[in-house]
Every structure is written in structure tokens, then in C-alpha cells.
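See below for the structure under consideration.
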Amino acid sequence: FQGVQRPSGQAVLVSVIVAKGAVPGKRMVLTSGVHGDEMSSIHTLQSVMAQLDPAAMSGTVMAVLDISGPAIESMQRRWPGWGRGAELVDMNREWPGNEDGPSTAGRHAALVLNHLLRPNADLAIDFHTGTTGIDVAAFNIGDRSIPDVRTMMDLFPVGTIWDDPVYPSVLHNALLDAGIPCFT
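Heads up: the sequence shown runs through residues 262 to 445, numbered per my numbering.
What follows is the structure, encoded as C-alpha cells:
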């Protein structure tokens, strides 16, 4: 997927893997790489997609691996603030973004949300991990008052659940606002 343009004019590319089932059904989107130093989430989605058998599936699973490519390229949590000195932007505080806004990360967020995620998702899970150098217990974050979110969280193999919508500007809330049940 071609996201926002870099100052050089080249598009930020986002890697996407799609497994389309033999039978029509729900479309599940799995996202990772919103923070550039959370490599385990990217590897997790690669592993999940490698295990899927489209011939035995109904519906579609789309994995979006590296939403914040510029942060991943430099192995840092935050997106570089091109054209604004040494500022670094937390991509997960930019959603839903603005395609015409002043922030490069915000423009990228809007392009990814509006042209890649929303048109292809009935349900979603946004994967994150502890940032580099920090040990974190496994937990899910989501609004369990939403039936599909509750069902997904109950099926997901993590015992600790933070029943909270968290910040308004995170990806899973932007997806919820777009009518797509999602948790992190």
C-alpha cells in the first residue's frame, strides 16, 4: 500500500499480506508496526499468516505489517518529524489523522485508515508489544461493552484484560469510530 510521500517524493510503503478464504465471510484485519521498535508484533503476524490455509477458510484475513515504516527503519518507537527538526511523533496518537493536515504521520494515518483498513475490515486487532528494553506482561486493551470486541477479547489467549477505550487518538479507537470492532 502506498502511504504518505516522503520529502524525497517517494511513498512510504506499507506491507500487506492477504489470505482469502474459499468461502465468503467476515474480513479480519490484523495490524502491527504502529510503533517502530515493536518487532515482535510484526513477527507474530507473519507467523499467523504463514499458518493459515485459505482453502479451509471462510472470509479474509489481511495482515498489515509495518504501518510506521519510517520509525521501523530507524528502530525507534516514534515516526521522524520530517521537515521539523528532531521532533519524533507517536503514530499511535495521530489516528484518525487528516489527509491534508500538517503532520506527515497524521497524513499517513489518514491514508492508511481511509484507503486500506476501513474498506477491507469487518473486525480488527491492533497488535503491540512492549517497547525495546521494557518487559511487559501480556494484556489486551478494549471496550468490552461492544459485543464483537468482548467476543474477540474472550477468544484471544491472553488472560489480562484492560477494559478501557484508552486514548481517543489510538488506532483501535479510530477503527471503532469507523464502525469496525477492534481491540489492542
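Note that the Cβ used here is the ideal one computed from N, Cα and C, for glycine as well.
Beta-ladder partner(s) of residue i, from DSSP
i	result
Lys281	Thr321
Pro331	DSSP lists no partner for Pro331.
Val290	Met323, Ala385
Trp423	Ile402
Ala340	As written in the sequence, residue 340 is Trp, which differs from the Ala given in the question. Partner(s): Val350.
Local Cβ density within 10 Å of residue i, reported as buried at 16 or more and exposed below that
i	result
Gly394	exposed
Asn353	buried
Thr392	exposed
Ser269	exposed
Glu334	exposed
Leu416	exposed
Pro442	buried
Beta-carbon proximity of residue i to residue j, cut-off 8 Å
i	j	result
Gly367	Asn375	no
Ser430	Glu355	yes
His369	Val265	yes
Ser308	Val284	no
Gly342	Val275	no
Phe444	Asn401	yes
Start and end residues, alpha helix (DSSP H) containing residue i
i	result
Gln312	300-312
Asp396	Element bounds for Asp396: n/a, residue is neither H nor E.
Asp415	408-416
Ala366	365-373
Beta carbon proximity, residue i to chain D, threshold 8 Å
i	result
Val431	Note that chain D does not occur in the displayed structure, where there is just one protein chain.
Residue i - containing beta strand (DSSP E), residue span
i	result
Gly264	263-266
As assigned by DSSP and simplified to three states, the class of residue i
i	result
Ala212	Lying before the first or after the last residue shown, residue 212 is absent from the chain, which here runs from 262 to 445.
Val273	strand
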